[in-house]
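Convert by adding 791 to the 1-based position in the sequence shown; the result is the number in our numbering.
Every residue, glycine too, gets a C-beta built ideally from N, C-alpha and C.
What you are looking at is a predicted structure, and each value in this text was computed from that prediction instead of being measured.
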Amino acid sequence: MSQARCHLRAALFLAAVSPRGATTGVTAWRGLSAWPAPQEPGMEYQDAVRTLNTLQTNAGYLEQVKRQRGDPQTQLEAMKLYLARSGLQVEDLDQLNIIHVTGTKGKGSTCAFTERILRSYGLKTGFFSSPHLVQVRERIRINGQPVSPELFTKHFWRLYHRLEETKDSSSCVSMPAYFRFLTLMAFHIFLQEKVDLAVVEVGIGGAYDCTNIIRKPVVCGVSSLGIDHTSLLGDTVEEIAWQKGGIFKCGVPAFTVLQPDGPLAVLQDRAQHISVSLEGGSGHLAPLQGFGTRSGWAGRRCCSAGPSPGTWTVRTPASSVQACVRWFRQGAAPQYASCSSTPPGTGIPRPC
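The structure is reproduced here in structure tokens:
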């Protein structure tokens, strides 16, 4: 089947399940999380893991992308189609108050610090990252803990069967690759668990990563940039910066840690093109007014006196603190947005 026909099928499918599409399709495709878990014997956690491991590996998927060398935008359209087949629309992800983080080095640490700080304020957090160390459940966390084997199993089989049922054998669309499947699964779990926010780490790059179907994050961040995945992202750090800056969204605050002049200029250009104010990148992140007078977080010094009383310049882990501040100011619910005392064990007061 030609690529054009594949794209046409995808477009027709998305139109059919769109909230603005035919009413006959909307209810049937939405609300996957409300389905009962399958009760067939043999569908236990280890069976779920074994089945997950039969999906196309990340390495296999990357090789396929390199061979095809088509329009990378089609990768995002394919992910949107998988999301629709799973019972969600991209609009549903707006509920998650997502902090979206990319980078070459330190993006996982930035995400982990950010999640921990926000959780310390009593927020219910979701956290999606990769890779895992021991158990695949580590990639999807609720309140800092990997989802339980029971929860993982329930959502795995719901999603797997839903995608099987909606698969068209005559089309180009089949089961998603390993990382895409887990990304879809994380979105469903976070929505059902009603998290206050979700910290989502980009897989590879940014602009065409499957996590970039997120259309309205609350904050976007870029950790330290370097050379990685050159066959997909480009041969220079400037080309890679262009890919990473692809997660910026119009009207959404963005920040970056200290970057070399070349990639920083690319990030700034990406931000300016969509009227985004990019903070940080040249020495330190912007001073944070009213961020309290105590220093340190979890035993680590991360703030030092600024040029005037009440002004504090964030250092390590600067990007995490900046993400938290932006989340409180942009996306926090009213009960979390007001000033209050420092949560126990953090050393970081809530920003005013």
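Counting the other CB atoms within 10 Å of its CB gives E882 a total below 16, which places it among the exposed residues. When the beta-carbon positions are compared, S1066 and C1041 come within less than 9 Å of each other. By the Cβ neighbour-count rule, N888 is buried, with 16 or more other Cβ atoms within 10 Å of its own.
Contact check for L874 against F947 fails: the beta carbons are separated by 9 Å or more. If only complete runs of 4 or more residues are kept, the region 898-960 shows the alpha helix (DSSP H) at 898-910 and 940-956, in order along the chain. Only residues of its own chain outside the window of five on either side were considered, and among them K915, G917 and I933 have a CB closer than 8 Å to the CB of E984, listed in chain order. One Cα belongs to Q926, the other to S939, and the distance between them is close to 11 Å. Look at the beta carbons and you see the region 889-904 touching the region 1001-1014: at least three pairs across the two are nearer than 8 Å. A straight-line Cα-Cα distance of about 11 Å links S900 and V990.
L950 is the residue among L950, S911 and S877 whose C-alpha sits nearest the C-alpha of L843. About 5 Å separates the beta carbons of V1010 and A1114, which is inside the 8 Å limit, making them a contact pair.
Taking C-beta separations shorter than 8 Å and ignoring five residues to either side along the sequence, the partners of A968 in its chain run L846, Q847, T848, N849, G851 and Y852, following chain order. In this structure, the CA atom of P1044 is about 43 Å from the CA atom of M834. Excluding five sequence positions before and after Y999, the CB atoms of its chain that fall closer than 8 Å to its own CB belong to P863, Q864, Q866, L867, Q1034 and G1037, given in chain order. In terms of Cβ geometry, T1047 and G1012 form a close pair [threshold 9 Å].
Per DSSP, reduced to three states, the secondary structure at S1068 is coil, with no helix or strand assignment. K898 counts as buried, since no fewer than 16 other beta carbons sit within 10 angstroms of its beta carbon. DSSP, reduced to helix, strand and coil, places F978 within a helical segment of the structure shown. Annotated three-state conformation of L1058 is helix, per DSSP.
With a beta-carbon spacing of about 5 Å, R930 and S921 fall inside the 8 Å limit used to define contacts. Per DSSP, A1045 is one residue of the beta strand (DSSP E) stretching across A1045 to T1047. As DSSP reads the structure, T893 sits in a beta bridge with V1013. In this structure, L982 and Q886 form a Cβ contact; the two beta carbons are roughly 7 Å apart against a cut-off of 8 Å. Its Cα nearest to that of G1017, the residue P1054 stands out among V993, P1054 and L1023. Only buried fits K945, as 16 or more other CB atoms lie within 10 angstroms of its CB. Contact between F1039 and A1062 is confirmed by a C-beta separation of about 5 Å, below the 8 Å threshold.
Cβ contact annotation for S1111 (same chain, cutoff 7 Å, sequence separation greater than five): T901, F904, T905 and I908, in chain order. Looking only at D1052, E941, F972 and T895, the smallest Cα-Cα distance to T1021 is reached by T895.
An exposed status is given to G913, since fewer than 16 other beta-carbon atoms sit within 10 Å of its beta-carbon. Between A839 and F943, the beta carbon gap of about 7 Å places them in contact (Cβ cut-off 8 Å). If you compare the alpha carbons of Q837, L1049 and F919 with that of F970, the shortest gap goes to F919. Listed in chain order, the non-local C-beta contacts of M976 below 6 Å within the same chain comprise H946 and L950, local neighbours out to five positions each way being set aside.
At the C-beta level, S1068 and L954 stay beyond 9 Å of one another.
A residue is called buried once 16 or more other Cβ atoms fall within 10 Å of its Cβ, and Q855, having fewer, is exposed.
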